[in-house]
Amino acid sequence: MTCSLGDIAEHIGAELHGDNDCLIRNISTLEDADSDSISFLSNHRYIKQLRSTRASAVILAKEHLDDCPSYALVTDNPYLGYALAARMLYPQTRTDGGIHPAANVHESASVDTSAYICPNAVIEQGVVVDANAYIGPSVIIGRDSVVGKDTRILANTVICNSVIIGSSVLIHPGVVIGADGFGFAEKPDGGWIKIPQIGSVLIRDDVEIGSNTTIDRGALGNTVIERGVKIDNQVQIGHNVYIGEYTAIAGCTGIAGSATIGKRCRIGGACGISGHLEIADDVILTAMSAVNNSILKSGVYSSPLSITDNRTWRRNVARFHRLDESFRKIREEIRQIKKN
Amino acid sequence: MTCSLGDIAEHIGAELHGDNDCLIRNISTLEDADSDSISFLSNHRYIKQLRSTRASAVILAKEHLDDCPSYALVTDNPYLGYALAARMLYPQTRTDGGIHPAANVHESASVDTSAYICPNAVIEQGVVVDANAYIGPSVIIGRDSVVGKDTRILANTVICNSVIIGSSVLIHPGVVIGADGFGFAEKPDGGWIKIPQIGSVLIRDDVEIGSNTTIDRGALGNTVIERGVKIDNQVQIGHNVYIGEYTAIAGCTGIAGSATIGKRCRIGGACGISGHLEIADDVILTAMSAVNNSILKSGVYSSPLSITDNRTWRRNVARFHRLDESFRKIREEIRQIKKN
Amino acid sequence: MTCSLGDIAEHIGAELHGDNDCLIRNISTLEDADSDSISFLSNHRYIKQLRSTRASAVILAKEHLDDCPSYALVTDNPYLGYALAARMLYPQTRTDGGIHPAANVHESASVDTSAYICPNAVIEQGVVVDANAYIGPSVIIGRDSVVGKDTRILANTVICNSVIIGSSVLIHPGVVIGADGFGFAEKPDGGWIKIPQIGSVLIRDDVEIGSNTTIDRGALGNTVIERGVKIDNQVQIGHNVYIGEYTAIAGCTGIAGSATIGKRCRIGGACGISGHLEIADDVILTAMSAVNNSILKSGVYSSPLSITDNRTWRRNVARFHRLDESFRKIREEIRQIKKN
Chain Z
28 MTCSLGDIAE
38 HIGAELHGDN
48 DCLIRNISTL
58 EDADSDSISF
68 LSNHRYIKQL
78 RSTRASAVIL
88 AKEHLDDCPS
98 YALVTDNPYL
108 GYALAARMLY
118 PQTRTDGGIH
128 PAANVHESAS
138 VDTSAYICPN
148 AVIEQGVVVD
158 ANAYIGPSVI
168 IGRDSVVGKD
178 TRILANTVIC
188 NSVIIGSSVL
198 IHPGVVIGAD
208 GFGFAEKPDG
218 GWIKIPQIGS
228 VLIRDDVEIG
238 SNTTIDRGAL
248 GNTVIERGVK
258 IDNQVQIGHN
268 VYIGEYTAIA
278 GCTGIAGSAT
288 IGKRCRIGGA
298 CGISGHLEIA
308 DDVILTAMSA
318 VNNSILKSGV
328 YSSPLSITDN
338 RTWRRNVARF
348 HRLDESFRKI
358 REEIRQIKKN
Chain U
28 MTCSLGDIAE
38 HIGAELHGDN
48 DCLIRNISTL
58 EDADSDSISF
68 LSNHRYIKQL
78 RSTRASAVIL
88 AKEHLDDCPS
98 YALVTDNPYL
108 GYALAARMLY
118 PQTRTDGGIH
128 PAANVHESAS
138 VDTSAYICPN
148 AVIEQGVVVD
158 ANAYIGPSVI
168 IGRDSVVGKD
178 TRILANTVIC
188 NSVIIGSSVL
198 IHPGVVIGAD
208 GFGFAEKPDG
218 GWIKIPQIGS
228 VLIRDDVEIG
238 SNTTIDRGAL
248 GNTVIERGVK
258 IDNQVQIGHN
268 VYIGEYTAIA
278 GCTGIAGSAT
288 IGKRCRIGGA
298 CGISGHLEIA
308 DDVILTAMSA
318 VNNSILKSGV
328 YSSPLSITDN
338 RTWRRNVARF
348 HRLDESFRKI
358 REEIRQIKKN
Chain W
28 MTCSLGDIAE
38 HIGAELHGDN
48 DCLIRNISTL
58 EDADSDSISF
68 LSNHRYIKQL
78 RSTRASAVIL
88 AKEHLDDCPS
98 YALVTDNPYL
108 GYALAARMLY
118 PQTRTDGGIH
128 PAANVHESAS
138 VDTSAYICPN
148 AVIEQGVVVD
158 ANAYIGPSVI
168 IGRDSVVGKD
178 TRILANTVIC
188 NSVIIGSSVL
198 IHPGVVIGAD
208 GFGFAEKPDG
218 GWIKIPQIGS
228 VLIRDDVEIG
238 SNTTIDRGAL
248 GNTVIERGVK
258 IDNQVQIGHN
268 VYIGEYTAIA
278 GCTGIAGSAT
288 IGKRCRIGGA
298 CGISGHLEIA
308 DDVILTAMSA
318 VNNSILKSGV
328 YSSPLSITDN
338 RTWRRNVARF
348 HRLDESFRKI
358 REEIRQIKKN
């Protein structure tokens, strides 16, 4: 969509240095931009690219204005400005309502006339699909589930039965929501007996869920994902997990059953969070952290080891596995020396 | 399903303290229970909730009987009692046999009349589907595969060709079984040549497999999952892995090719198990363990670091990366002191 | 397929010790082989199995010829010889071109007559499917995407819109390519605003991608997977990642946004690679490595801890969390001793 620079400046709340009527047709990196482009600088280390950009205009902070060779849109938060400008230039295209002839909608399901159901989607009995919802190709919505208005569920995702999904939710392809949690009791003879998973999953409004992520239903009671939570790809969320609003979870993280995560947390990629523990509001976990205790205070937490060359690492690991023993020995040697 | 307390007591083998004819309609946590509910206490730390529960009856151990404000079902293993009671109150609903008109069954496939094939399922040539099996919507069963009786394969799962699945298996949505293992030979020029993966996968009876888990076919010979194994979501199992009976594997764990896992192991979430190694029977791995050597003796094993605040962690990691060097220096200093 | 030993020797470039006309019908491990089989020895530790094999012929290095009880095919690289022989004995079966009546192909899509489209596949508007391509059951190809010649996309995979896939690519079931990257700007009130992901994904020729792997589209510009890259199951690749040619990535690895990986790297299973960093050509990462800094030199790198028994591990971890403090104390004690 083509927009004038003046309209963009107004939309993102920036101060325009340049031509109000200059037409912008795309948004690009500083490096790839051309005379149809607006770009942005949100990280000081790209200052060199700013100086040589061919963009028509750049969204940036006041401190970088002197280095800008083009028109400028000055704002306190250029990254937010970029996000807002991109949404203006690339608006979500709306699909007309309707049910594709190759979709499979049970007669007892209720689909709003403004919702769109793609080919090979299966909508089971008792399902409700609200206004402007989009159900992608080969999506399965299990019986008695509810899909809120403006919610988009993309290709091949599976929503199991009785799952409640709010409005303006975006679910990427290959997601599974509401499958059984991993719950078994040990039999006296050593085998396992499955525990029926009779709870469900509640996904509140404005949640986004990445490709091939899985969210299990509760054993008793529900798994709950609160408003505005953002979940990346291949995240695994166990039964009866609770995630507070606006928390963001990066890819490949696993959260075991009955963990309670606070509001506005930022959980890095490939973290592992054990079950039945609590994480406070505003906790930041760096990538690949292993959380096996509750974290009751906001702050930044870490656990894995950073990378090193393999030879040094082997020696250090060998020491690590004798760490306690070695400390005791050294302490003892010092004690002996002091005695003498 | 409504059951009398007497029937539940008998079914789970518990001693009833209360009214035989009291009707139970659901199972709930101690906190959420009402007068239609039975609940359970399997963990001492919920004793407070026991004292204030509104459940009609609670399944518990003898030692907690005095704290129980309601009827009680006394048993040595309340968690198993809960599992059995839940199965009684929430029996698996049976689907009548049949092939949905929107399913796609090859003429050479053999589907038992008591099996049910959902819309958009694809059953390829030579497939056998046994009695009472359930094939969910958009499930693909590749040519010459076999699905045993009472086995349920849920939505969007893919079973590749020539895979043998036993009876009473439960496979959750989005699973892929029998895709090629990751096998390549290096070409002299540095590229890769794919090795045909000509083995298959055998899944024995009573196995459960979680959402979006992947199990590769063997390169030569088969990948084998023995009877009663329970696998959680997003687990990755490489080619020619062997998993012994009743082993349970929590979510996000990866097992590399040709690893052999014993019987009755419990593998925590997000573990990584290297290939071509052996894990004995009855091994317990705590979550996020990295197994790069065989474990030849039963026991509890661990490897990752637990969580700490980021500042302390940074200092410790810096020390860790000089750990071997530092130990040598301290030893040398002590030697020098002793000399003098 | 049945082949003569002479033909196999010629095809794999090996020196034949034995009967040119001996017929080979399958390839097996040394242990499972029978008189119809060829086998191979690529690892010295299987020498015992070599001595007792019932194979008709074995592919091996010259040094093991004396231990071989059968005909032998001698080559410098027996593993490559095995790969080539397996490909000869188990050639890829070709499907005739055509569109299954239960496939759903948009009228504006262009499908080569030699390509095959399986039941329930959905080919959206503007898609191009080139010669001999195979689109599996329930695969979704989003609008304006391109599938190169001889490329095979297996069951239930989702290719989002405008993705370009080269020729001779093999994509296993359940893969998602081109879903939105994980990109949000923080709102002043603490919530998130989604950044449109307007780039795409380029997959070059001869790439293989494992089951349930996810590859996100670029935010601005493209995510690029270069020629000959091999990716295992359940790998997560973030937006704007670049992977150089012939790099191999084992299962469960996650690569965060805008990471640049060199050529011919070998990335072990379950590694975590942070975003906005660079990994040089020819880097080897052992399994479960956490990469949070650029690696600018080829070599072998590692980071996690290896496994130990849980009791020792607990003590070592406790020491680790006091590691910096403990070193300071010991140093101070030594200083005090020296003074006196």
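Residue numbers (my numbering), protein chains in the order written: chain Z, 28 to 367; chain U, 28 to 367; chain W, 28 to 367. Backbone N, C-alpha and C fix where the C-beta goes; we use that ideal spot for every residue, glycine too. Values in this document were obtained by computation on a predicted structure and should not be read as measured data.
CB contact flag (residue i, residue j, <9 angstroms)
i             : j             : result
residue 199/U : residue 158/Z : no
residue 202/U : residue 238/U : yes
residue 136/Z : residue 167/Z : no
residue 196/U : residue 180/U : yes
residue 88/W  : residue 51/W  : no
residue 235/U : residue 256/U : yes
residue 187/U : residue 182/W : yes
residue 54/Z  : residue 225/W : yes
residue 112/U : residue 38/U  : yes
residue 42/U  : residue 107/U : no
residue 156/W : residue 162/W : yes
When the options are compared against residue i, the one with the closest alpha-carbon
i             : options                       : result
residue 246/Z : 197/Z, 266/Z and 119/Z        : 266/Z
residue 232/W : 106/W, 324/W and 177/W        : 177/W
residue 326/W : 292/W, 258/W and 97/W         : 292/W
residue 153/Z : 139/Z, 145/Z and 134/Z        : 134/Z
residue 79/U  : 279/U, 250/U and 56/U         : 56/U
residue 273/U : 189/Z, 119/Z and 214/Z        : 214/Z
residue 93/U  : 75/U, 107/U and 104/U         : 75/U
residue 302/Z : 104/U, 295/U, 350/U and 254/U : 295/U
residue 48/W  : 71/W, 98/W, 347/W and 72/W    : 98/W
residue 122/Z : 208/Z, 321/Z, 144/Z and 72/Z  : 144/Z
Residue i: first and last residue of the uninterrupted alpha helix (DSSP H) it sits in
i             : result
residue 359/Z : 350-366
residue 110/U : 105-116
residue 339/U : 337-347
residue 75/W  : 74-78
residue 32/W  : 32-39
Euclidean distance between Cα positions of residue i and residue j
i             : j             : result
residue 262/U : residue 77/W  : 34 angstroms
residue 218/W : residue 345/Z : 45 angstroms
residue 264/U : residue 277/W : 12 angstroms
residue 32/Z  : residue 114/Z : 14 angstroms
residue 67/Z  : residue 271/U : 56 angstroms
residue 338/U : residue 174/Z : 44 angstroms
residue 4/W   : residue 359/U : The shown model of chain W, from 28 to 367, leaves out residue 4/W, and the question about it has no answer.
residue 307/W : residue 334/Z : 14 angstroms
residue 190/Z : residue 324/W : 50 angstroms
residue 365/U : residue 342/U : 30 angstroms
residue 248/W : residue 210/U : 32 angstroms
residue 244/U : residue 253/U : 15 angstroms
Residue i - containing beta strand (DSSP E), residue span
i             : result
residue 44/W  : 42-44
residue 242/U : 241-243
residue 271/W : Unbroken run through residue 271/W: none, as it is neither H nor E.
residue 222/W : Segment: none, residue 222/W is in no beta strand (DSSP E) and carries neither H nor E.
residue 322/W : Per DSSP, residue 322/W belongs to no beta strand (DSSP E) and is neither H nor E.
residue 205/U : 203-206
residue 213/U : 211-213
Exercise for review: Scan the segment 198-210 of chain U for residues whose Cβ lies nearer than 7 angstroms to a Cβ of chain Z and list them as they occur along the chain.
Suggested key: Cβ contacts with chain Z: 199, 200 and 201.
Review point. The segment 41-53 of chain W: which residues have C-beta closer than 7 angstroms to a C-beta of chain U, in chain order?
Key: Correct list: empty, as no residue qualifies.
Point to revise | Residues in the segment 330-352 of chain Z having any Cβ partner in chain W nearer than 7 angstroms | key: Taking 7 angstroms as the Cβ-Cβ cut-off against chain W, the residues of the segment 330-352 of chain Z that qualify are 331, 332, 333, 334, 335, 336, 337, 340, 344, 347, 348, 350 and 351.
Exercise for review: Report the residues of the segment 247-266 of chain Z with a CB closer than 8 angstroms to any CB of chain W, ordered along the chain.
Suggested key: Listed by position along the chain: 255, 257, 259, 260 and 261.
Check your understanding: Which residues, taken in chain order from the segment 311-322 of chain W, show a beta carbon closer than 7 angstroms to some beta carbon of chain U?
Key -> 314 and 315: these are the residues of the segment 311-322 of chain W whose beta carbon lies less than 7 angstroms from some beta carbon of chain U, given in chain order.
Exercise for review: For the segment 125-141 of chain W, enumerate the residues whose C-beta is nearer than 9 angstroms to any C-beta of chain Z, in chain order.
Suggested key: The residues in question are 129 and 131.
Review point. Which residues, taken in chain order from the segment 54-84 of chain Z, show a beta carbon closer than 8 angstroms to some beta carbon of chain W?
Key: From the segment 54-84 of chain Z, only 54, 55, 56 and 59 have a Cβ closer than 8 angstroms to chain W.
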